[in-house]
Amino acid sequence: MSQKPFLLAAEGLSKSFDGFKAINDLNFYLDEGELRTVIGPNGAGKTTFLDIITGRTQPDQGTLLWDDSKHDLLKLNEYEIYRLGIGRKFQTPTVFNDHTVAENLILSLAGSRGIWHSLFGKTTSAQRDRIAEILTTVNLADHAHRKAGALAHGQKQWLEIGMLLAQEARLLLVDEPAAGMTDEET
Numbered sequence: 136m137s138q139k140p141f142l143l144a145a146e147g148l149s150k151s152f153d154g155f156k157a158i159n160d161l162n163f164y165l166d167e168g169e170l171r172t173v174i175g176p177n178g179a180g181k182t183t184f185l186d187i188i189t190g191r192t193q194p195d196q197g198t199l200l201w202d203d204s205k206h207d208l209l210k211l212n213e214y215e216i217y218r219l220g221i222g223r224k225f226q227t228p229t230v231f232n233d234h235t236v237a238e239n240l241i242l243s244l245a246g247s248r249g250i251w252h253s254l255f256g257k258t259t260s261a262q263r264d265r266i267a268e269i270l271t272t273v274n275l276a277d278h279a280h281r282k283a284g285a286l287a288h289g290q291k292q293w294l295e296i297g298m299l300l301a302q303e304a305r306l307l308l309v310d311e312p313a314a315g316m317t318d319e320e321t
């Protein structure tokens with residue numbers, strides 16, 4: 136294992152699907168504040184790796200540690216991994232189509248998500264300011280009150296990235312963020 140502090144450390148990860156080795160003995164280390172790009176052809180195991188990090192898939196072997204070995208991600212459920220600060224954007228946008236763009240961001244904000252807060256909580260001025268900042272960042276300020284389902288594909292991609300920003304995750308996993316987008320949207 137790496138001797139210096141790390142955010143994420145994967146060692147010896149392997150995953151097979153019906154005899155096909157999607158990942159074979161992968162080692163990967165990420166430090167706080169680092170940007171990494173995982174590239175490869177279709178079928179190289181990129182999405183499988185993200186699935187393992189987020190708890191959607193269990194590897195056949197290997198270790199996956201978070202925050203300088205404070206947490207073994209392979210022993211946690213998806214929601215526990217999310218609560219540790221690992222956010223993910225999928226290849227296909229997953230937004231709440233029947234909610235407005237702003238409501239999608241409100242639902243994604245970091246903080247309490249209990250039943251009482253969901254039913255009776257009010258958006259604070261700090262939260263409204265954060266939403267406005269994110270809307271500007273993802274170039275959707277003019278669409279704040281539109282239903283997310285009415286957005287173009289590229290705008291949905293940007294909204295989902297905005298939802299990740301609202302989560303204030305320590306690690307943002309972005310799977311093919313430009314898929315289906317025009318050159319201008321990218």
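Heads up: the sequence shown begins at 136 in the working numbering, then just goes up one per residue. Just so it is clear, CB atoms sit at the ideal spot from N, CA and C, and this is done for glycine as well. These figures come from a predicted structure and were not determined experimentally.
Counting every other CB atom within 10 Å of its CB across the protein chains shown gives residue 292 a total of 16 or more, marking it as buried. Contact between the stretch 198–209 and the stretch 174–182 is absent: fewer than three C-beta pairs spanning the two stretches fall below 8 Å. For the options 221, 168, 174, 172, the alpha carbon positioned closest to that of residue 187 is the one of 221. Residue ranges of uninterrupted beta strand (DSSP E) with 3 or more members, entirely inside the stretch 281–315 and ordered along the chain, are 306–309. Taking a C-beta distance under 8 Å as the contact criterion, residue 147 and residue 198 qualify as a contact pair. In the structure shown, residue 184 adopts helical secondary structure according to DSSP, grouped into three states. One Cα belongs to residue 320, the other to residue 241, and the distance between them is close to 24 Å. Of the candidates 284, 224, 176, the residue whose Cα lies closest to the Cα of residue 231 is 284.
By the 16-neighbour rule on beta-carbons within 10 angstroms, residue 294 is buried. Here residue 175 has 181 as same chain residues with Cβ atoms under 8 Å from its own Cβ, once five neighbours each way along the sequence are excluded.
Within the DSSP bridge table, the entry for residue 144 names 164, 200 as partners. A buried status is given to residue 290, since no fewer than 16 other beta-carbon atoms sit within 10 Å of its beta-carbon. When beta bridges are read from the DSSP output, residue 216 appears opposite no residue.
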